[in-house]
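One rule links them: number in my numbering = place in the sequence shown (from 1) + 23.
Each residue gets a CB set at the ideal place from its N, CA and C atoms; glycine is no exception.
As the structure is a prediction and not an experimental result, all values here were calculated from the model.
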Amino acid sequence: MIRVDVALGARSYPIDIADGAIDRAGTLLAPFAKRGRLVIVTDQNVAQYHLPRLEKAICGAGIATQVEVLPPGEGTKSWAQLAGLTDRLLAHGVERGEHVVALGGGVIGDLVGFAASILKRGCGFVQVPTTLLAQVDSSVGGKTAINSPAGKNLIGAFHQPSYVLIDPTTLDTLPRRELGAGYAEVAKYGLIDDERFFAWCEANGAKLIAGEAAPRIEAIRHSVAAKARIVAADERETTDLRALLNLGHTFGHALEADTGFSDRLLHGEAVAAGMALAFRYSARIGLCPAEDAARVSRHLAAVGLPNGLAAAGVSASGAELVGHMAHDKKMAGGRLPFLLARGIGKTFVDKQVELADVAAFLDEERASAL
């Protein structure tokens, strides 16, 4: 078992990582079964593969379970599903001192975390992430949210889990496309502030996506340790430090919005394209060496990820994409902070970017792909 701690004073919590960890969940989750039971929330796809294992382990420790199974997909992060879930948790008699278990990917983790943050003014929850994206990123750090017609993750709260249990063997059931989407968040940690880790990604990324155990565990360990360090220093993104984790997301969320937050473009795929765009824009305005931007694009393409508008299946104009960005929750005083780079491992926040210039850049990208 590999343990990484998120140091947040009274809200600190451990992250445990081990192949087969779900089979030990009865012992590991027992401290959170305050009334001798745990309510598990999952989706239909995850329930098929991993719910029986989790329930067997929990029930084997003498803990009762109650289960809520939701539809899969980004559409589940909605007001309607939030209302339905909170009503059912109340019907189960969940008390403030209890913990709800989120078994699934980023959608389930975000929804369950937000439901827990508002149920009886805040109850506990535990993350058991089953996708690579959730294991390396979204299950850690306490950002919970649902989407709205105006944009992604615009309604939510900071609410830290009490525990994160990561079993990399759950990734064996994922399609390669889902693994690739999660890998984008792994590469992000190298691009932010660790060029040596990006070089590791160049050497091992394809092996990780192909399912090799050792690179998979190392990628998860490194990623959650990097995120834990940043979250501990800037829990609520009050400085620019935690904002670095948004690399690729400002461009990426616009691409997701243009594709309807659908399976046409997975979140991690959008982030990959967004990171490549951020580096190329940085090179365009003289911040970043062109070779570094090209290196990022080459690696993303090499592991099967989109590295631009055409590869992401987006043909919208620069003005249309910037229109989506205008709804970003980070907008302040009419300005949108952008994550740009002076090179690989040298990402920073730029609050002086002109959206009109970004639109012009995106039109250039669009034209070059025609």
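Burial state of residue 168 is buried, judged by a 10 Å Cβ sphere holding 16 or more other Cβ atoms. Around residue 30, the same chain offers 251 and 255 as residues with beta carbons nearer than 8 Å, after the five sequence neighbours per side are excluded. Taking all protein chains shown into account, residue 195 has fewer than 16 neighbouring C-beta atoms within 10 Å of its C-beta and is therefore exposed.
Our two residues, residue 160 and residue 50, have alpha carbons roughly 25 Å apart in a direct line. Residue range 174-181 is occupied by the beta strand (DSSP E) that includes residue 174. Comparing alpha carbon positions, the residue from 371, 230 and 375 closest to residue 354 is 375.
Around the beta-carbon of residue 100, 16 or more other beta-carbon atoms lie within 10 Å, marking it buried.
Counting along the chain, residue 60 sits inside the beta strand (DSSP E) bounded by residues 60-66. A direct Cα-to-Cα measurement between residue 95 and residue 68 gives close to 6 Å. Rounded to the nearest whole angstrom, the CA to CA distance from residue 378 to residue 210 is 26 Å.
Between the C-alpha atoms of residue 189 and residue 120 there is a straight-line separation of about 23 Å. Here the alpha carbon of residue 113 sits roughly 13 Å from the alpha carbon of residue 90. Taken atom to atom, the span from the alpha-carbon of residue 146 to that of residue 84 is near 23 Å. Linking residue 32 to residue 258 through their CA atoms gives a straight-line distance of about 11 Å. DSSP links residue 150 through a beta bridge to 125 and 187. When beta bridges are read from the DSSP output, residue 225 appears opposite no residue. Judged by DSSP in its simplified three-state form, residue 171 adopts strand.
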